Structures are given as C-alpha cells and as structure tokens.
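Asker:
Residue numbers (this note's numbering): 5 to 165.
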C-alpha cells in the first residue's frame, strides 16, 4: 500500500500504515531490536534507546562511516521518533481489533528530487519488516525499489502541483 503524502503547515508528511495480526508487544520488540534491523533496514543501529538517545545510520560500504541521529521522542512499547537528516521519522505501534497497527510517518521539510528515493526505500523496508513480523522469508526482489520509486515519483509530482 502506497504511503499517503500530505501537505501541512510545516512541510509534508508521508504516512505508511501496516496492519498485523500480532500483538503490539511482538511488533514493538521486532522494531527496536538491533538484531532485527539486518532483516529490514540493515543501515540502522540503536546505540541509546531513549528520548535524547541515538540511532546510527551505517553506510555499510566498508568505510566504517556512519551518521548519528538523535531520538527525539520515545515511549516504551509504542513510539520511536528520530532525526532523519533534516527530517523526522516516527514509528508508532498501536493496538487494533486485528492485533496491532504500525504507523510510520516521515515529516519532510521540503520535497526534493531525492524524496521519491526515500519514500520508495521506506516502502521496501516496510515490506521486509512485514515479512519479519509474519515470519515469512525475506523474498522482496532487489528490483522492488525501482517499481515503488516510479510510484512515489508520480505521487511527489502530484503533491507539488
């Protein structure tokens, strides 16, 4: 499911929603565990899981380089929000009738030529995360990003006009 891209007073927000039959505690544990990142977003590493703590974005290019992002909001079991360059990424795990709902929002200051890249990247990461939650193999094809990039490119153009 494509994210909703909304214009707001402070820029834009891309909202991804995913429904799971698993309980909140199960989904939350997968979301904040460094061992699980390798299955859905292998660039991330939480170094201090607390408000004001840090998440590293490792380049994984053999250089050892990384960027340190500050955790701007944290509520155990439900909210993880952190800097993402000049933007903010927020994960919320909420109870639902079916089990739980994951809402990921990227608060975007400005839409740029790079925005569709990020949106497609998050989309593919969430596909992989859903496979992890549902105990399915990570069978997301490498070319999947290209498909979603084209969709998000169209979406960004629509919102810009």
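A virtual CB, placed ideally from N, CA and C, is assigned to each residue, including glycine.
Please read these numbers as outputs of a predicted model, since none were measured by experiment.
1. Relative to the alpha-carbon of residue 132, which residue among 120, 145 and 123 has its alpha-carbon at the smallest distance?
2. Identify every residue that forms a DSSP beta bridge with residue 88.
3. What do you reckon, are the CB atoms on residue 56 and residue 75 nearer than 8 Å?
4. Can you tell me which of the three DSSP states residue 77 falls into?
5. Quick check: the stretch 89–109 against the stretch 28–45, are there 3 or more CB pairs under 8 Å?
6. Would you please state the rounded distance, in angstroms, between the beta carbons of residue 35 and residue 95? I believe it to be under 8 Å.
7. Thinking C-alpha only, which one of 66, 65, 92 and 43 is nearest residue 59?
8. Going by the DSSP bridge assignment, what does residue 8 pair with across the sheet?
9. For residue 130, I'd like the list of residues in its chain whose CB is within less than 7 Å of its CB, leaving aside the five on either flank, ordered along the chain.
10. Using alpha carbons as the reference points, say which of 78, 81, 158 and 61 lies closest to residue 116.
11. Does DSSP classify residue 24 as helix, strand or coil?
12. CB of residue 66 to nearest heavy atom of the ligand MG: below 7 Å?
Answerer: According to the structure shown:
1. Relative to the Cα of residue 132, the nearest Cα in the group 120, 145 and 123 belongs to 145.
2. DSSP lists 91 as the bridge partner or partners of residue 88.
3. yes
4. strand
5. yes
6. 6 Å
7. Nearest of 66, 65, 92 and 43 to residue 59, Cα basis: 92.
8. According to DSSP, residue 8 bridges with 19.
9. 20, 22 and 108
10. 158
11. strand
12. This structure lacks the ligand MG, and indeed carries no ligand of any kind.
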